[in-house]
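One structure is given below, encoded as structure tokens.
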Amino acid sequence: MRSLVGLAAVVAAASLYLYLLSLYLPAGPRRRPPAGTGAEAGHVELEEPGDASEEPSRLKFPSDLEELRELADLLQFYKTEHTEYVLLLFCSAYLYKQSFAIPGSSFLNILAGAIFGPYQGLFLACVLTTVGSTMCFLLSQAFGKRYIVNLFPDKVSMLQRKVEENQDCLFFFLLFLRFFPMTPNWFLNMSAPIVNIPITFFFCSVLIGLLPYNFICVQTGVMLSEVSSLDDLFSWERLLQLLAIACVALLPGTLIRRFSQKRLKLDVLPQNGLIDDKKAQ
């Protein structure tokens, strides 16, 4: 009971912090609908806030290319005018999501690419994923061991057995689990302290193992923020860029899979029920 109260206190404090941070959200630019036809007709103009006669731009999930372009323009405005606030809000939201195993990291990684660019975005995604997962590890270690075992007894037992069988190459076993969807990332984050995975191995395996996933998401965000039409999306330049991204992302997984066939003991994992869950963060 005490552990539940402690976890609830941590969640409440983190939620209150995010709420208070959101109260200081700066005013966004005004959106002027296009007036005319031709090349300029599909472009949405963003102006400085202050004119009450025009509709304010809002942060929302895009449903088509036009809304995606508008979102990218809006985020670029916030980045230019309120860089420190955007960085603080993005990092806080990302760590909140990762620490409490809330789905949605792929969208945040895409946003990282759209807002911060390919290099800074990838750096932020990797660091925040690793730190947030480690915070989830520590929260589970402090408050959740008994409840996780009660909720997922078979999965925890199977993971414990596979960890013991692969003790001589535990770090590569953890990398394999991150590269391939044998078990969801959220479950691995919460169960790692229960099955006695050292926090140093855990930290490094998240940083390296999720690098290809983060790379793909960030590069997708960079590309989509630059797309203004379907012709741009299916140009030879974009297709070659997608091919290069796929090759870079698949190379580490190929090497880990080849190593796993020689060293890791994985023959029972597909039958334990873990593979039925979607890989999520």
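Using the UniProt record's numbering, the letters of the sequence shown map in sequence onto residues 1 to 281. A virtual CB, placed ideally from N, CA and C, is assigned to each residue, including glycine.
**Study point:** Ranges of the alpha helix (DSSP H) found wholly within the region 125-173, counting only runs of at least 4
**Key:** 145-151, 153-165
Check your understanding: Going by alpha carbons, who is nearest to valine 206 out of Leu139, Gln120, Trp186?
Key -> Trp186
Practice item. Have a look at Leu74, Leu170, Tyr213, Ile194 and flag the residue whose alpha-carbon is nearest the alpha-carbon of phenylalanine 152. Key: Ile194
Exercise for review: May I ask which residues mark the beginning and end of the alpha helix (DSSP H) holding phenylalanine 201?
Suggested key: 199-209
Exercise for review: Pull up the distance between the alpha-carbon of tyrosine 19 and that of leucine 170, whole angstroms please.
Suggested key: 40 Å
Check your understanding: Could you give the distance in angstroms between the alpha-carbon of phenylalanine 173 and the alpha-carbon of alanine 101?
Key -> 22 Å
Practice item. Compute the distance between the beta-carbons of residue 309 and cysteine 136, then report whether it is under 8 Å. Key: Since the first residue shown for the chain is 1 and the last is 281, residue 309 is missing from the structure and cannot be characterised.
Exercise for review: Check whether the Cβ atoms of asparagine 214 and cysteine 126 sit closer than 8 Å, and answer yes or no.
Suggested key: yes
Review point. Who are the near neighbours of proline 26 in its chain, counting only those whose CB is closer than 6 Å to its CB and skipping five residues on each side?
Key: His82
Review point. Where does glutamine 167 land, buried or exposed, given buried means 16+ other C-beta within 10 angstroms?
Key: exposed
Check your understanding: If you drop the 5 nearest sequence neighbours on each side, which residues of the same chain put their C-beta closer than 6 Å to that of serine 53?
Key -> A caution first: serine 53 carries a pLDDT of 47, below 50, which makes its placement in the model unreliable, though a value can still be read off. Answer for serine 53: no residue qualifies.
Point to revise | At least 3 beta-carbon pairs within less than 8 Å: the region 155-167 vs the region 114-132 | key: no
Review point. Rounded to a whole number of angstroms, what is the C-alpha to C-alpha distance between isoleucine 115 and leucine 128?
Key: 15 Å
Check your understanding: Going along the chain, which residues of its own chain have a beta-carbon closer than 6 Å to the beta-carbon of phenylalanine 90, five neighbours each way excluded?
Key -> none
Review point. Phenylalanine 202 to isoleucine 148, Cα distance in whole Å?
Key: 18 Å
Practice item. Keeping to the same chain, check which residues put their C-beta closer than 8 Å to that of alanine 93; ignore five residues upstream and five downstream. Key: Leu18, Leu108
Practice item. Give me the Cα-Cα distance between serine 3 and tyrosine 24, rounded to the nearest whole angstrom. Key: 33 Å
Exercise for review: Please state whether DSSP places valine 11 in a helix, a strand or coil.
Suggested key: helix
Practice item. Within the same chain, show all residues whose beta-carbon is closer than 6 Å to that of valine 222, passing over the 5 residues directly before and after it, in chain order. Key: Gly113, Pro118
**Study point:** Simplified DSSP state of leucine 122, which is helix, strand or coil
**Key:** helix
Review point. Of the residues Ile110, Val131, Ala9, which one's Cα is nearest the Cα of glutamine 219?
Key: Ile110
Check your understanding: Going straight from the alpha carbon of leucine 16 to that of aspartate 73, what length do you get?
Key -> 29 Å
Review point. Given that a residue counts as buried once 16 or more other Cβ atoms are within 10 Å of its Cβ, and exposed if not, what is leucine 95?
Key: buried
Point to revise | Supposed contact pair leucine 177 and leucine 188 - C-beta distance, whole angstroms, cut 8 Å | key: 6 Å
Exercise for review: Could you tell me the distance, in whole angstroms, from the CA atom of serine 191 to the CA atom of threonine 200?
Suggested key: 15 Å
**Study point:** Residue burial classification, glycine 209 (beta-carbon count within 10 angstroms, cutoff 16)
**Key:** buried
Exercise for review: Assuming leucine 7 contacts glycine 144 (C-beta within less than 8 Å), just tell me the rounded distance between them.
Suggested key: 7 Å
Check your understanding: For residue 365, which of helix, strand or coil comes out of DSSP?
Key -> One cannot answer for residue 365 here, as it falls past the ends of the chain, which runs 1 to 281.
Point to revise | Own chain, CB closer than 6 Å to glycine 104, minus 5 neighbours either side, in chain order | key: Lys97
Point to revise | Close-in-space but distant-in-sequence residues of the same chain around cysteine 217 (CB under 6 Å, 5 per side omitted) | key: Ser106, Asn109, Ile110
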